[in-house]
Every structure is written in structure tokens, then in C-alpha cells.
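Enquirer: Provided herewith is a single structure, encoded as C-alpha cells, for subsequent inquiry.
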Amino acid sequence: MNPIREFLIDVNSSSSSSSSSSSNTSSSSSSSNSSSAENSSDSDDEHNLNILFPILQILLGGRKRHRIENFIEVVHSWTDAEFKEHLRLQRVIAVTLVDELANSGVLPEQTFGRPKISAEWSFYITLWFLANTEPYRTLSDRFDVSISSIFRVIRRVMAWIMTKLDNIIKWPEGPAIIQASQGFENKRGIRNCIGAIDCTHIIIQQPKENAADYCNRRKCFSIILQAVVTSNMSFTNIYCGEPGSLHDARVLRRSSLHQESQNNTEQLFPNTTFILGDSAYPSLSWLVPPFRNNGHLTAQQLEFNYLHSSTRMAIERAFGVLKGRFRRLKFFNELRDLKFIVQVVVACCVLHNICINGLDDGMDFYADDDLNININNIEGNYNERNDNDRRMNLFYEMFPQ
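Just so you know, the UniProt record's numbering puts 294 at position 294 of the sequence shown, and the rest follows in order with no gaps.
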């Protein structure tokens, strides 16, 4: 079995179907396996940090560290706008999550002689970690706690955020399908669309194993995040961890979304609903790409492609907001634990949805996602007319012959 599969986290499409229930069990098991493996990994990584940090100080020539005292008071003094600028969440959302974290039992009551780090401080350390690309050493100085404590706190808070996964990232069902469809129709008039799908790359350092698998077409190392969003940029399905060398269409085929959609199309896409994808994707009964522009498209097909592209922009905006809000996703400069990197990416997606649900779309953080690496899909996106082709049916609905 390919070892890279061990790092995958796949948030499934529907909790109501029997196949999905089994997949959800698999996903939960994957998360708990990550948690148990994490404890061992935490111990090893923390041990390494405790050894390497004094060496780093010596190599830096004994440079004096500038710790920031009472930084929590600085945070408390921020205006709501300053709080959001630095920690990337609205204060009211962050305070609610701090209360939930404090009551979760995740943080230890006994610290065995170490200073206790409160739920508030733990959450703010994690938010700062996600909002910036600062190394652990700088985080340690800023929050005036040891590097090993920073490392331990972030792991625990990430594990807690992951417990919210199934309740926060959900495939639309019932009234939510109508709402999702209406949202896209209001954009450019495309009816029955309930999502837009695409992939983005998360840059990582060169892995120790299977490095060539992770080298993408831009000659940098990455893992892939595949996501489906609604018109308001809320994630309804995510699949993360495939190596950067894979094509978007192949990532889709390896995800449970593809298997479940092929086997349970009517349940996941009732009343001929569908999702939109770019030209990297095949044309399926539940997935509609644009027409391949081979220089011979009609004026109506070109107009179809324009409406398709402008409607599909919801997924591009979502990736731009996600990486603009949580800048850690732009490059993991210290972490090499792929399993934990995937967990960080998924946790950011969960927080993204929590913000969307709290009416904070994050567009003030939007930055162009320049790591959407696509090439034309020669395997499945073709322009032949087929009465069973959902794309052609949609085209005829929009442009009656």
C-alpha cells in the first residue's frame, strides 16, 4: 500500500447514506488513529526540540532572547478591529471558542510543576501560529512560554478543533440543498448547482520519503487540498493529503466523494443537481466542467463558459480567503510531520466555516491563490454532444435550440 495514503483525511459527503455512514466511521477512525499516533509523535518531536533548542542558541552565538511580558494584556487592550487583524477571527467568535475549549476537558488540569496555560492563552497561541509563519522560537518569546509548551498546546488545540469536523463541514441535505442551489442561481442564473469543486496546493518542505511524489508541476513540494464550497464560500466537502504530483481529476477519483457520488448519485445530487468544476475535471452526471476551448466553440458555448467560470469563482475565493486568513498554509517552514500538516489544514477549514457561519466571510483577508496548478484533463473533458451528458443538458436549458 502506498504509504502516502496514511496521511489522508477525507471529510465525506453525506451522513445519511449507508455507504457514507461506513465512510464516516472510517474517517473518525482515521482521526483517532491520528490522535494516538500524535501522542507518540508529540513526545518524539518535543524531545527533539528540547535537545535542538539549546544547540540553536549556541549556534546563534548566545544571542539574547527578547521575551514579551504580559502579552495577554496587550491582546486584551486591542480594539475589535486590531484583534481580528492579528488573530484573524472576530473577537466574539474567538471568545465563544475559548469558552468551548475550556469546557471540553482537552486541556490538562494537572501540569506537574509547569505553569498552567489557560484555555484563552492556548487558543490565542494556536490562532497566532495559524495566522503567521513565525517559527516556534518566536512564538515562545512572544507568549513567554517554552518551545515545548508551544508545541504541546498547538497539538492539543488542533485535536480539539478536529472534533468539530463532522458538525461544521457537512454536505447539504434537505432545505440546505435548495439554499445552496438558490445561492448559485442568484450569481449567474445557473440552476441546480449546489457546489463548486477545485484543488489547491499546500507548500511543504521536501519529505524524507517519497519526495518525488510530492513535487508538483512548479517544482516545489506540496500536498493537495480538494474542496467543494457553496456560493458563500462555505466548505461542504474536503479531502486533504494527496501528494502534489497528482492531477486534480485523479485526486477526485481517489476521494470518497467520487465513489459515493457515482454509487449514490440521486441521494447526494437529488433532482439532477450537480457541482461545477474547471476543465481539469471530467464531465459526469453530477459534475459539470466548461467546454474545452479548442478554437471552434460557438458564441453560446463561449457564453456558457463565461457564466460557468464566474459562478465557479466561489471556490477560488474560498481558497484565497482560507490562505489569506491563515497564512501558515502558505508554507510550512518548520513542520515535516505530514499527518500533522494535514490536520492543520483541515483545522483551518473548520475555523473558516465557523467564521462563515458567524457572518464573517473573511474577504478582507483575501489573497489570490497562485497555487491552483491545473492542466487540461485529457482523460474526460471532451465536447461531444451526448444526451446523457449533464453539461449538454445544462447547456440546452440555458440556451434553448
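All C-beta atoms in this analysis are idealised placements derived from N, C-alpha and C, irrespective of residue type, glycine included.
Does the beta carbon of residue 188 sit closer than 8 Å to a beta carbon anywhere in chain C?
Expert: Structure shown: chain C not included; a single protein chain is present.
Enquirer: Taking the straight line between their C-alpha atoms, what separation do you get for residue 341 and residue 332?
Expert: Those two C-alpha atoms are separated by around 8 Å.
Enquirer: Exposed or buried, what is residue 270 when buried is set at 16 or more other beta-carbons lying within 10 Å of its beta-carbon?
Expert: Exposed, by the Cβ-count rule.
Enquirer: Among 191, 217, 328, 343, which one has its Cα closest to the Cα of residue 275?
Expert: Among 191, 217, 328, 343, the Cα nearest to that of residue 275 is on 191.
Enquirer: Rounded to whole angstroms, how far is the Cβ of residue 125 from the Cβ of residue 154, which I believe are closer than 8 Å?
Expert: Indeed they touch by this definition, with Cβ atoms about 7 Å apart.
Enquirer: Is it true that the CB of residue 227 sits closer than 8 Å to the CB of residue 315?
Expert: Their beta carbons are under 8 Å apart, which means residue 315 touches residue 227 by this criterion.
Enquirer: Could you check the C-alpha separation between residue 138 and residue 347 for me, to the nearest Å?
Expert: In a straight line, the C-alpha of residue 138 is about 22 Å away from that of residue 347.
Enquirer: Spatial neighbours of residue 229 within its chain, please: C-beta separation below 7 Å, excluding the five flanking residues on both sides.
Expert: Same-chain partners within the cutoff: 195, 196, 235, 236, 314, 315, 318.
Enquirer: Pull up the distance between the alpha-carbon of residue 87 and that of residue 128, whole angstroms please.
Expert: Each residue's alpha carbon lies about 6 Å from the other.
Enquirer: Taking residue 239 as the reference, give the member of 163, 198, 298, 289 with the closest Cα.
Expert: With distances taken between Cα atoms, residue 239 lies closest to 198.
Enquirer: Around the Cβ of residue 363, are there at least 16 other Cβ atoms within 10 angstroms (buried) or fewer (exposed)?
Expert: Residue 363 should be labelled exposed.
Enquirer: Can you name the start and end residues of the beta strand (DSSP E) that residue 237 belongs to?
Expert: Here the beta strand (DSSP E) through residue 237 covers 235-243.
Enquirer: So what does DSSP say about residue 401, is it helix, strand or coil?
Expert: Looking at residue 401 - three-state DSSP - the assignment turns out to be coil, as it is neither helix nor strand.
Enquirer: Whose CA, out of 80, 103, 89, lies closest to the CA of residue 365?
Expert: Closest by alpha carbon: 89.
Enquirer: Rounded C-beta distance between residue 281 and residue 249? I'm assuming under 8 Å.
Expert: With a Cβ gap of about 6 Å, residue 281 and residue 249 count as contacting.
Enquirer: What residue does the alpha helix (DSSP H) around residue 304 start on, and which one ends it?
Expert: Element bounds for residue 304: 299-325.
Enquirer: Report buried or exposed for residue 244, applying the criterion of at least 16 other Cβ atoms within 10 angstroms of its Cβ.
Expert: It is buried - the Cβ of residue 244 has at least 16 other Cβ atoms within 10 Å.
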